[in-house]
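Novice: The structure's right below; bear with me while I get my questions together.
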Amino acid sequence: MQKSYSLSQRMQLPDNLWMEVWQQARPISVRRQKRLFDDGKEAEKILQKLSSLSPGEILEQLIPVLLHVVYDRITKNIEDMEEQNASVLFETFYAKSVLLVKGKDERKKKLQQ
Numbered sequence: 001m002q003k004s005y006s007l008s009q010r011m012q013l014p015d016n017l018w019m020e021v022w023q024q025a026r027p028i029s030v031r032r033q034k035r036l037f038d039d040g041k042e043a044e045k046i047l048q049k050l051s052s053l054s055p056g057e058i059l060e061q062l063i064p065v066l067l068h069v070v071y072d073r074i075t076k077n078i079e080d081m082e083e084q085n086a087s088v089l090f091e092t093f094y095a096k097s098v099l100l101v102k103g104k105d106e107r108k109k110k111l112q113q
């Protein structure tokens, strides 16, 4: 039993580019199709890029992730804190985050030296 495939009603409207492409396309099994994304090749590119970065550049890439982790940790534990302490903690965290992000150019110069 062979399955039948077709485009959606919207894609079957007259003069639709997708309809023309669908009619011209040859049915090729997935095994025989060329891969559109080679995950192994892309992983190699990423590893090569990471190996060429200096420690300062790696730290610069990690700062946003670390800030997000801290924010996430604070929001998960906020229920255990008093309201006043929580607001002070958020204000302090925000101020420090802004300093970290805005001071990125000066830090970058220092870390690259």
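Each residue of the sequence shown is one higher than the one before, starting from 1 at the first, in full-length UniProt numbering. C-beta atoms are modelled at their ideal positions from N, C-alpha and C, and glycine is treated no differently. Source: prediction; values computed, not measured.
Whether or not the stretch 31 to 47 and the stretch 55 to 65 are in contact is what I'm after, with contact meaning three or more pairs of Cβ atoms, one per stretch, closer than 8 Å; do they touch?
Specialist: No: fewer than three Cβ pairs fall under 8 Å.
Novice: Taking the alpha-carbon positions, what's the M11 to A25 distance?
Specialist: Locating residue 11 in the sequence shown gives position 11, where the first residue counts as 1. Locating residue 25 in the sequence shown gives position 25, where the first residue counts as 1. Whole-angstrom Cα-Cα distance: 15 Å.
Novice: Taking only runs of the alpha helix (DSSP H) that begin and end inside the UniProt domain "Rab3GAP catalytic subunit conserved" (5 to 50), which ones reach a length of at least 4 residues, in chain order?
Specialist: Fully enclosed alpha helix (DSSP H) runs of 4 or longer: 17 to 24.
Novice: Checking 8 Å against the spacing of the C-beta atoms, do L67 and S97 come in under that value?
Specialist: Counting from one through the sequence shown, the residue named residue 67 turns up at place 67. Counting from one through the sequence shown, the residue named residue 97 turns up at place 97. A contact, by the Cβ cut-off of 8 Å.
Novice: Which residues mark the beginning and the end of the alpha helix (DSSP H) in which D72 is found?
Specialist: Numbered from its first residue, the sequence shown carries residue 72 at position 72. From DSSP, the alpha helix (DSSP H) with D72 extends over 55 to 77.
Novice: Just the Cα atoms here: how many angstroms apart are E20 and L7?
Specialist: Residue numbering aside, residue 20 sits at position 20 when the sequence shown is read from its first letter. Residue numbering aside, residue 7 sits at position 7 when the sequence shown is read from its first letter. Roughly 11 Å between the two C-alpha positions.
Novice: Contact defined as beta carbons within less than 8 Å: I believe V70 pairs with F93. What is the distance between those atoms, to the nearest angstrom?
Specialist: The sequence position of residue 70 within the sequence shown is 70, counting from 1. The sequence position of residue 93 within the sequence shown is 93, counting from 1. V70 to F93, Cβ: 7 Å. Contact.
Novice: Put Q2 into one of helix, strand or coil per three-state DSSP.
Specialist: Within the sequence shown, numbered from 1, the residue matching residue 2 stands at position 2. Reduced to three states, the DSSP call for Q2 is coil.
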